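**Q**
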Amino acid sequence: MPQAELARLKGISRSAVGQWERDATSPPISTIEEIAMILGVSPEWLAFGVNQGERTVLKLPDSENFAVIEEVRFTDDPDAPETVGRWGAPKDWISRQSTSTPDNLRVIEVRSDGADLRQGEKVLVDTGSKRPSPAGTFLYWDGLGAVFARMSAVPGADEPKARIDMDGGAIELPVSKLKIIGRVVGRWSHT
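Okay, so the sequence shown: first residue is 4 according to this note's numbering, each after it adds one.
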């Protein structure tokens with residue numbers, strides 16, 4: 004079916020269909036189901052090339068093109084996070100998000116609102132980036148738990164200091180006294 008015809012039947016732009024064909028973007032699951040009905044195929048076939056009733060074994064991503072990133076949760080020790088899942092991500096996407104290696108990246112669920120993050124969001128944290136310059140959102144250990152906060156370097160200090168923006172103000176602490184876990188380099192948000 005030509006792109007223009009599918010776009011007309013679905014009520015979307017032809018360029019959106021073209022982006023799906025080039026793998027520049029992906030349609031939501033609900034849209035895949037609607038397109039499958041229009042084309043007279045199963046959503047499984049359209050999304051994964053699997054015929055209805057076939058059994059499929061999903062394999063780990065090809066190690067040459069994909070990296071596995073651990074999803075972790077912090078309990079009572081900032082140096083011993085608990086692994087709660089694993090995510091596969093294309094290595095080229097990772098290189099656009101961070102200059103760090105995939106081994107330094109962790110996915111972490113936000114536990115409370117703050118630092119322009121919302122509870123339930125998943126963020127990508129670069130644990131190799133622990134200096135508050137340039138300014139950004141960091142995950143640090145406040146003595147009781149892991150906390151997300153906006154952080155920046157304090158210029159002109161005798162000893163390197165970080166400014167931590169908090170609700171109701173900011174505090175400045177020597178970097179040597181902070182346990183910075185890493186910098187937020189990406190996020191998945193609910194739409």
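Note that the Cβ used here is the ideal one computed from N, Cα and C, for glycine as well. Values in this document were obtained by computation on a predicted structure and should not be read as measured data.
(1) In this structure, does DSSP put V60 in helix, strand or coil?
(2) To test your reading of the DSSP string, which unbroken alpha helix (DSSP H) runs of 4 or more residues are found completely within the segment 77-122?
(3) Since G185 and V128 should fall inside the 8 Å C-beta cutoff, what is the C-beta to C-beta distance between them, to a whole number of angstroms?
(4) Look at L142 and V188 and say whether their C-beta atoms are less than 8 Å apart.
(5) If you draw a straight line from the C-alpha of S155 to the C-alpha of D80, how long is it?
(6) Can you tell which of A50, G43, G159, R166 has its C-alpha closest to the C-alpha of P31?
(7) Can you tell me which of the three DSSP states D26 falls into?
(8) CA-CA distance, I15 and A27?
(9) In whole angstroms, what separates the C-alpha of I174 from that of V44?
(10) Roughly how many angstroms separate the alpha carbons of V75 and V113, rounded to a whole number?
(11) Does the distance from the CB of A165 to the CB of L147 come in under 8 Å?
**A** This is what the structure holds:
(1) Only weak support is given to the placement of V60: the predicted model assigns it a pLDDT of 49, under 50, and the question is left unresolved by the model.
(2) Within the segment 77-122, the complete alpha helix (DSSP H) runs of at least 4 residues are 94-100.
(3) Right, their Cβ atoms sit about 4 Å apart.
(4) Result no, Cβ atoms of L142 and V188 do not sit closer than 8 Å.
(5) C-alpha separation (whole angstroms): 24 Å.
(6) For the options A50, G43, G159, R166, the alpha carbon positioned closest to that of P31 is the one of A50.
(7) Here DSSP, grouped into helix, strand and coil, assigns D26 to coil.
(8) Roughly 16 Å between the two C-alpha positions.
(9) Spanning the two alpha carbons is a distance of roughly 59 Å.
(10) The C-alpha of V113 is placed about 11 Å away from the C-alpha of V75.
(11) No; because the gap between Cβ atoms is not below 8 Å, this pair is not in contact.
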